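A short worksheet on the structure shown next.
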Amino acid sequence: MAANQKLAFAASEKPEAQEIKSAYVARYGDHAAADADVIVAIGGDGFMLETLRAHMNDAKPIYGVNCGTVGFLMNAKDIDALAENIENAEPATIHPLTMKAKTADGRVETAMAINEVSLFRQTRQSARIRIIVNGKTRMDSLICDGVLLSTPAGSTAYNLSAHGPILPINAQLLALTPISAFRPRRWRGALLAQAAEVTFEAINPQHRPVSAVADNFEVRDVVSVTAAEDRSISMTVLFDQGHSLDERILREQFDY
Numbered sequence: 241m242a243a244n245q246k247l248a249f250a251a252s253e254k255p256e257a258q259e260i261k262s263a264y265v266a267r268y269g270d271h272a273a274a275d276a277d278v279i280v281a282i283g284g285d286g287f288m289l290e291t292l293r294a295h296m297n298d299a300k301p302i303y304g305v306n307c308g309t310v311g312f313l314m315n316a317k318d319i320d321a322l323a324e325n326i327e328n329a330e331p332a333t334i335h336p337l338t339m340k341a342k343t344a345d346g347r348v349e350t351a352m353a354i355n356e357v358s359l360f361r362q363t364r365q366s367a368r369i370r371i372i373v374n375g376k377t378r379m380d381s382l383i384c385d386g387v388l389l390s391t392p393a394g395s396t397a398y399n400l401s402a403h404g405p406i407l408p409i410n411a412q413l414l415a416l417t418p419i420s421a422f423r424p425r426r427w428r429g430a431l432l433a434q435a436a437e438v439t440f441e442a443i444n445p446q447h448r449p450v451s452a453v454a455d456n457f458e459v460r461d462v463v464s465v466t467a468a469e470d471r472s473i474s475m476t477v478l479f480d481q482g483h484s485l486d487e488r489i490l491r492e493q494f495d496y
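Add 240 to the 1-based position in the sequence shown for this note's numbering, that's all there is to it.
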């Protein structure tokens with residue numbers, strides 16, 4: 241890390257994260273995010289997503305320190321080597337999805353998602369969802385618990401749990417993945433070009449209500465949802481040398 245490089249530290253509310261932050265600040269000092277060269281996010285993957293959203297338009301690289309459970313987007317805690325690790329870090333550029341959701345009462349909610357935009361049934365009734373890609377209906381009725389559209393960065397998160405494909409970080413693709421599909425029974429989803437615009441329409445939403453979620457921002461009782469990648473927004477995440485996001489995704493593909 242260059243001698244004049246400034247760090248801003250952010251931590252989740254967990255006591256462990258706050259303790260780690262205090263140790264880092266005592267060692268490296270702390271700057272306002274607006275004045276910093278690198279933002280250090282201390283917590284789990286959820287807190288990293290919060291930090292990325294908070295600084296989505298700031299053009300600041302973000303380095304994560306893990307004190308959560310999985311830590312797929314994070315790095316190992318190393319107080320003594322933080323400066324060296326950031327200096328030698330491998331960057332990954334990610335782009336978010338924009339979600340525009342229209343509700344049954346006519347509201348329109350907009351949100352950004354770094355991992356995925358998901359639709360879910362709200363009751364015991366299965367959801368029935370029409371899928372439109374670039375203005376053309378591709379599936380008249382998907383009967384399911386839900387469906388999601390994932391970025392490459394999010395393909396190893398909920399998308400993977402729903403048996404969706406793992407995408408290399410530089411793949412110019414989005415993953416469209418059903419969640420517990422009942423009909424068509426054998427449909428496993430689709431790979432779409434990164435420029436695709438996907439619209440989901442809830443069929444009979446009065447009796448089969450559907451909610452939409454952009455990462456962790458939920459909109460209930462939606463009648464239609466449009467999602468597309470926003471290439472005008474670029475976020476840089478830093479990973480320790482030898483543990484790049486490309487490498488992590490490749491390891492997931494070979495299940496080790």
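We put the CB at the ideal spot given by N, CA and C, even for glycine.
Quick caveat: nothing in here was measured; it's all calculated off a predicted structure.
Are the CB atoms of residue i and residue j nearer to each other than 8 Å?
{"i": "L313", "j": "L389", "result": "no"}
{"i": "T417", "j": "A402", "result": "yes"}
{"i": "Y398", "j": "N456", "result": "no"}
{"i": "N374", "j": "E437", "result": "yes"}
{"i": "A454", "j": "A353", "result": "yes"}
{"i": "H335", "j": "R488", "result": "no"}
{"i": "F479", "j": "E253", "result": "no"}
{"i": "H483", "j": "N328", "result": "no"}
Excluding five sequence neighbours on each side, which residues of the same chain lie with their C-beta closer than 6 Å to the C-beta of residue i?
{"i": "K340", "result": "T350 and T466"}
{"i": "A332", "result": "I409, V477 and L485"}
{"i": "A242", "result": "Since pLDDT at A242 reaches only 47, below the 50 mark, its modelled position is unreliable, and the value read off the structure follows with that caveat. Hits under 6 Å: none found."}
{"i": "D385", "result": "R361, I419 and S420"}
{"i": "I383", "result": "S366, R368, F422 and R423"}
Identify, in the order they occur along the chain, each residue of the same chain with its Cβ nearer than 8 Å to the Cβ of residue i, setting aside the five sequence neighbours on each side.
{"i": "F362", "result": "At residue 362 the sequence reads Gln, which differs from the Phe that was named. Excluding positions up to five away in sequence, the list reads P449, V450, S451, R460 and D461."}
{"i": "E256", "result": "C307"}
{"i": "L413", "result": "P392, L407, L431, L432, A433 and Q434"}
{"i": "N297", "result": "I473"}
{"i": "D345", "result": "D461"}
{"i": "L490", "result": "P408"}
{"i": "Q481", "result": "N325, N328, A329 and E330"}
{"i": "L400", "result": "I406 and E492"}
Might you give, ordered along the chain, the residues of its own chain that have their beta carbon closer than 7 Å to the beta carbon of residue i, omitting 5 neighbours on each side?
{"i": "K342", "result": "V348, V462, V463 and S464"}
{"i": "I279", "result": "A248, A250, A273, T291, H295, K300 and I302"}
{"i": "D318", "result": "N325"}
{"i": "D495", "result": "none"}
{"i": "G404", "result": "S390, S395, A415, T417 and G429"}
{"i": "T309", "result": "G284"}
{"i": "A276", "result": "K246, L247, A248 and K300"}
{"i": "Q258", "result": "A251"}
On the DSSP bridge assignment, give the partners of residue i in chain order.
{"i": "R423", "result": "I383"}
{"i": "V453", "result": "S358 and E458"}
{"i": "A251", "result": "I282"}
{"i": "E256", "result": "Bridge partners of E256: none, in fact."}
{"i": "L478", "result": "Y303 and P331"}
{"i": "I369", "result": "L382 and A442"}
{"i": "K261", "result": "According to DSSP, which records beta bridges pairwise, K261 is partnered with nothing at all."}
{"i": "V348", "result": "K342"}
{"i": "A468", "result": "T338 and E437"}
{"i": "A266", "result": "A266 pairs with nothing; no bridge assigned."}
{"i": "A415", "result": "S390 and L431"}
{"i": "T377", "result": "I372"}
{"i": "A397", "result": "Beta-bridge pairing links A397 to no other residue."}
{"i": "A353", "result": "L337"}
Is residue i near the ligand ATP, judged by its Cβ being under 7 Å from some heavy atom?
{"i": "P301", "result": "The ligand ATP is absent from the structure shown, which contains no ligand whatsoever."}
- Task: Mind the definition here: the stretch 422-429 touches the stretch 441-454 only if three or more C-beta pairs lie below 8 Å; say whether that holds.
- Result: Counting Cβ pairs under 8 Å, fewer than three are found: no touch.
- Message: Quick check: the stretch 317-324 against the stretch 264-271, are at least 3 beta-carbon pairs closer than 8 Å?
- Response: Segments in contact, yes.
- Given 8 Å, three or more beta-carbon pairs between the stretch 430-444 and the stretch 362-376: Yes, the stretch 430-444 touches the stretch 362-376.
- Determine contact between the stretch 291-310 and the stretch 426-437, defined as no fewer than three beta-carbon pairs at a distance below 8 Å. Not touching, per the Cβ criterion.
- Task: Quick one: which unbroken beta strand (DSSP E) runs of 3-plus residues sit fully inside the stretch 287-321? Chain order, please.
- Result: Counting only runs of 3 or more, we get 302-306.
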